[in-house]
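Here is the structure we will look at, set down as C-alpha cells.
2 protein chains.
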Amino acid sequence: MSDTRFDVIGIGNAIVDVLSHADDAFIERHAMTKGTMALIDADTADRLYADMGSAIECSGGSAANTIAGLASMGGQGAFIGKVKDDQLGGVFRHDMDAIGVHFPTAPAAQGPATARCLISVTPDAERTMNTFLGACVELGPAEVDAQAIQAAKVTYLEGYLWDKDEAKEAFIAASQAAHEAGREVSLSLSDPFCVDRHRESFLELVEHHVDILFANEDEILSLYKVETFDEALQNVRGHCKIAALTRSAKGSVVLSGDEVHVVDAENVDKVIDTTGAGDAYAAGFLFGYTNGHAQDLAHCARLGSIAAAEIISHFGARPETPLNELVADIFG
Amino acid sequence: MSDTRFDVIGIGNAIVDVLSHADDAFIERHAMTKGTMALIDADTADRLYADMGSAIECSGGSAANTIAGLASMGGQGAFIGKVKDDQLGGVFRHDMDAIGVHFPTAPAAQGPATARCLISVTPDAERTMNTFLGACVELGPAEVDAQAIQAAKVTYLEGYLWDKDEAKEAFIAASQAAHEAGREVSLSLSDPFCVDRHRESFLELVEHHVDILFANEDEILSLYKVETFDEALQNVRGHCKIAALTRSAKGSVVLSGDEVHVVDAENVDKVIDTTGAGDAYAAGFLFGYTNGHAQDLAHCARLGSIAAAEIISHFGARPETPLNELVADIFG
Numbered sequence: 003m004s005d006t007r008f009d010v011i012g013i014g015n016a017i018v019d020v021l022s023h024a025d026d027a028f029i030e031r032h033a034m035t036k037g038t039m040a041l042i043d044a045d046t047a048d049r050l051y052a053d054m055g056s057a058i059e060c061s062g063g064s065a066a067n068t069i070a071g072l073a074s075m076g077g078q079g080a081f082i083g084k085v086k087d088d089q090l091g092g093v094f095r096h097d098m099d100a101i102g103v104h105f106p107t108a109p110a111a112q113g114p115a116t117a118r119c120l121i122s123v124t125p126d127a128e129r130t131m132n133t134f135l136g137a138c139v140e141l142g143p144a145e146v147d148a149q150a151i152q153a154a155k156v157t158y159l160e161g162y163l164w165d166k167d168e169a170k171e172a173f174i175a176a177s178q179a180a181h182e183a184g185r186e187v188s189l190s191l192s193d194p195f196c197v198d199r200h201r202e203s204f205l206e207l208v209e210h211h212v213d214i215l216f217a218n219e220d221e222i223l224s225l226y227k228v229e230t231f232d233e234a235l236q237n238v239r240g241h242c243k244i245a246a247l248t249r250s251a252k253g254s255v256v257l258s259g260d261e262v263h264v265v266d267a268e269n270v271d272k273v274i275d276t277t278g279a280g281d282a283y284a285a286g287f288l289f290g291y292t293n294g295h296a297q298d299l300a301h302c303a304r305l306g307s308i309a310a311a312e313i314i315s316h317f318g319a320r321p322e323t324p325l326n327e328l329v330a331d332i333f334g
Numbered sequence: 003m004s005d006t007r008f009d010v011i012g013i014g015n016a017i018v019d020v021l022s023h024a025d026d027a028f029i030e031r032h033a034m035t036k037g038t039m040a041l042i043d044a045d046t047a048d049r050l051y052a053d054m055g056s057a058i059e060c061s062g063g064s065a066a067n068t069i070a071g072l073a074s075m076g077g078q079g080a081f082i083g084k085v086k087d088d089q090l091g092g093v094f095r096h097d098m099d100a101i102g103v104h105f106p107t108a109p110a111a112q113g114p115a116t117a118r119c120l121i122s123v124t125p126d127a128e129r130t131m132n133t134f135l136g137a138c139v140e141l142g143p144a145e146v147d148a149q150a151i152q153a154a155k156v157t158y159l160e161g162y163l164w165d166k167d168e169a170k171e172a173f174i175a176a177s178q179a180a181h182e183a184g185r186e187v188s189l190s191l192s193d194p195f196c197v198d199r200h201r202e203s204f205l206e207l208v209e210h211h212v213d214i215l216f217a218n219e220d221e222i223l224s225l226y227k228v229e230t231f232d233e234a235l236q237n238v239r240g241h242c243k244i245a246a247l248t249r250s251a252k253g254s255v256v257l258s259g260d261e262v263h264v265v266d267a268e269n270v271d272k273v274i275d276t277t278g279a280g281d282a283y284a285a286g287f288l289f290g291y292t293n294g295h296a297q298d299l300a301h302c303a304r305l306g307s308i309a310a311a312e313i314i315s316h317f318g319a320r321p322e323t324p325l326n327e328l329v330a331d332i333f334g
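Structure follows, in C-alpha cells:
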C-alpha cells in the first residue's frame, strides 16, 4: 500500500443532522419505524421539522461520520459528497476542514438546499431518521475524484448511495477506480430498509466489488432474508474478504475466510443516543486496519467497539472526546 | 397582575450558538479573555470560525435562553429579537416555536446574516464567546411590541442590548411600556466588559428603571468598581427592588429591602460547559417569581439553582432535560 496519502476515503451523502428528543407518541403519530431511516421530500421535511421539538444541528451523514471518527483516531481521511453553497453547507464543510479531512467536492451553486437528516431520539436512546437528500442528489460519477480514490488504502461507501441512480454510478466508478489501483473497497449496508430496496444489487456488489463489509444484525438478516444471526453468518462467510457484523450490546463478529472473532462491546455508563454507532465502529475498525493491524482483526474490532461506545454516550454522531485519547493505552 | 398572557417577555439578541471544544492555547492565540464575550465583525467571525474545531449549532442568545428555560419550567414566555430570513434564522425561529414561545418579531429580508456566537469551551468547562451581531443590529424601538410587553408580568432585558444605540432605544421603550402598564422590569448585566463599557448608564438604569436585577460576581463588582463581593452587596442593597447575585459554585445571594437570602448551588456530578448558567438561573428565578412565589425569594433562587445545574451538566445553553420534571417534587 505505497503512495497512499489517505487511510480511508468515504463517499456518501453530505448531511447536516437536526437532532431532537421525541417521545414514542411522536414516532407513532408520524408513522415512523423506530431505528430506521426514511427518505422524505422538501415539503415533508418542512412539515416534520415544524412538529419537532427544539433541536441542535451538527454535521452528519453515515460515511462522513466514519471519516470524522477515523480522523479523531488520528487517521488520514478524505470525503466525497455534495452540499449546496448555503449556510448549512458551510457548516458541513467547516467541520470537515476543522478535523483535517480532505474534502474536494465543490458545493452546488444551484438546486436544492444542503441535505438535512431530522433525527428523533426517543427515551430508549434509539434514533429514528428522516432524510431530505437535497443537494446530495447532485452527486454523480463526475464528482468521483479518481486521484483521491487511488491515493486511499480503502474506499468506504455507504449503502444509502444506492437510493439514487446518479450516486449509484458514482459508487461503481469509485469501486472500479480503487480496484484498478490495487486498493480495497468497503461497504456499509446502512439500513435494513435500504437493503430491502436493493437486495439483489447488494448481493452482487458484495460478491464482486466489496472487500470489507460492515452490517448490523438487522441489515445482514435482511440481505440474506434469513431469521437468525447464525444463518446470516453462514451466508456471509466467504461471500467477501472480510465481514464485520455489529450486534449492539452483544458486540461484534468478524469473519475472514476461516477466521472468526467474537468481540464484546465496551461498557457504557448510560446510553444517550445511538445515532452514528455503526459509523463509529467502522471508523475504529478501518483505522486499525489501515494502520498496521490488518492482520489482527480482533484488534480492529476492539477499536471499533471503543469508538462506538464514545458516540452512544452523548447526543450526536461525531466524537466529543478525541478518540485517539481513548485508545492511547491499547495502541502501543 | 391581571390580563397577563405571559409570565415573562425577553428582549435580546437573537443568536445561533456555534459551540466547539478548544484548548487554552486557542484562547491565548486569539487574544481572548476567558469567560467573557467580545463583539466581532463578519470578517473576524469567518477567520475565527475557520480556526475553530468541529462544532455543533444550537439556538442561543442570553435573554432567549432565559425564555427557553422559563418555557421548559412550564412558564408562558415571549421573545423579541431580530434574525434574518436565512437558514440559521429558520433554526432560531423553529426552536422558539417548538417550545411554545411567542416570537412576534419579523425576520429581516435584507442586510447581515443571522447572528452567530462562536463559543469555545475549554477543558475547565469555561466558555469564551465571540459574537457577530449580524441581523441583531436591525432591532430598534419599532420592533418593541408594546401589546406583548404589557401582557407580560415581567419584561426581561439583557445588558448586551446596550451595545447598539438602536437596541438601547428599544430597551428604554420596552421598559417604559412595561411600567406604564404596572408591570415589572428585569435586567441581566450580561458580562463584566459590557458593564465596563456602559457603567454610568447601567447605574442610572438600575436606579430608575429596573425592578429585578441579575448579575454575577464579576459583573456586580464591575458595576460598582469595588474589589469584594460584600462591598458590591452593600452598594446594590436598596438600589433596586430585588437583586439576585450569582456566584457560580458558591450559590446566590438575593437582596430585597431588608431581606437577604444566601442560597446554595445545586450539586452537579460533572460540570461540562458553563454556557448559559446565568441565563438559566434567571429563568428559574423568574418562573418562581411569576408563578405564585414572589413573596418567597429563597424559593425563586432555589429554582434558579436547579435550572443552572441542569444547563452546566451538558454541552449547550438550553435545557436537555425538561426543567419542570426536575422541580416537580419541590413545586407542589
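From first to last, the protein sequence lines stand for chains F and A.
Per the working numbering, the very first residue in the first sequence carries number 3; after that it's consecutive.
Per the working numbering, the very first residue in the second sequence carries number 3; after that it's consecutive.
Ideal Cβ placement from N, Cα and C applies to all residues, glycine included.
- Proximity of F/Q89 to chain A, defined by a Cβ-Cβ separation below 8 Å, is satisfied.
- Of the residues assessed, F/N269 falls on the exposed side of the cut-off, its CB having fewer than 16 other CB atoms within 10 angstroms.
- Bridge pairing for A/F8: A/A154 [DSSP].
- Where A/S122 is concerned, the enclosing beta strand (DSSP E) starts and stops at A117 to V123.
- Note on the segment 46-124 of chain F: whole alpha helix (DSSP H) runs with a minimum of 4 residues are 64-75 and 89-100, in chain order.
- Separation of the CB atoms of A/T107 and A/T38 is rounded to 27 Å, and the pair is thereby denied contact status at 8 Å.
- Close CB contacts of A/D147 within its chain, under the 7 Å cut and outside five residues either way in sequence, are with I82 and P106 (chain order).
- When A/S61, A/H32, A/S74 and A/D25 are compared, the shortest CA-CA separation from A/A285 is found for A/S74.
- Between F/V103 and the set F/G142, F/H211 and F/I13, the nearest pair of CA atoms involves F/I13.
- DSSP lists no bridge partner for F/T38.
- Chain order gives the chain A residues near F/G318 as I58, where near means a beta carbon separation below 7 Å.
- Identification of chain A residues near F/D97 by a Cβ-Cβ cut-off of 8 Å yields S56 and A57, ordered along the chain.
- Using a C-beta cut-off of 8 Å, the segment 29-36 of chain A makes no contact with the segment 47-58 of chain F, since fewer than three inter-stretch Cβ pairs fall below that distance.
- For chain F, none of the residues of the segment 264-288 of chain A brings a beta carbon within less than 8 Å of one of its beta carbons.
- Taking 8 Å as the cut-off, the Cβ atoms of F/K36 and F/T133 do not count as close.
- A/Y226 does not reach chain F, its nearest Cβ partner there being about 37 Å away, counting only Cβ pairs nearer than 9 Å.
- Residue pairing by DSSP places A/R129 opposite A/V123 in a beta bridge.
- Taking C-beta atoms as the reference points, A/S307 and A/K272 fail to come closer than 8 Å.
- One thing to note: F/I214 has its Cβ no nearer than 8 Å to the Cβ of F/A179.
- In the DSSP assignment, A/C242 is bridged to A/R239.
- The beta carbon of F/V85 sits no closer than 8 Å to any beta carbon of chain A.
- Taking C-beta atoms as the reference points, F/C119 and F/V20 count as a pair closer than 8 Å.
- Residues of chain A whose Cβ lies closer than 7 Å to the Cβ of F/I101 are, in chain order, S56.
- Annotation for F/A137: no beta strand (DSSP E) segment contains it, and DSSP assigns it neither H nor E.
- Looking from the CA of F/F94, the closest CA among F/A66, F/G113 and F/P114 belongs to F/A66.
- Residues of chain F with a Cβ closer than 8 Å to the Cβ of A/Y51 are, in chain order, H96.
- Its chain contains G136 and A137 as the residues whose beta carbon lies nearer than 6 Å to that of F/P114, once the 5 sequence neighbours on both sides are disregarded; these appear in chain order.
- Counting only residues of its own chain and dropping the five nearest sequence neighbours on each side, F/S177 has a CB closer than 6 Å to the CB of V187 and H211.
- Looking at the DSSP output, F/S254 shares a beta bridge with F/T248 and F/V265.
- Boundaries of the alpha helix (DSSP H) harbouring A/I174: D167 to E182, taken from the DSSP string.
- Residue range D26 to R31 is occupied by the alpha helix (DSSP H) that includes A/E30.
- Counting the other Cβ atoms within 10 Å of the Cβ of F/D165 gives 16 or more, which makes it buried.
- For F/V93, a Cβ of chain A is located within less than 8 Å of the residue's own Cβ.
- In this structure, F/Y226 and F/N218 do not form a Cβ contact; the two beta carbons are roughly 14 Å apart against a cut-off of 8 Å.
- A Cβ-Cβ contact shorter than 8 Å links A/I101 with A/A70.
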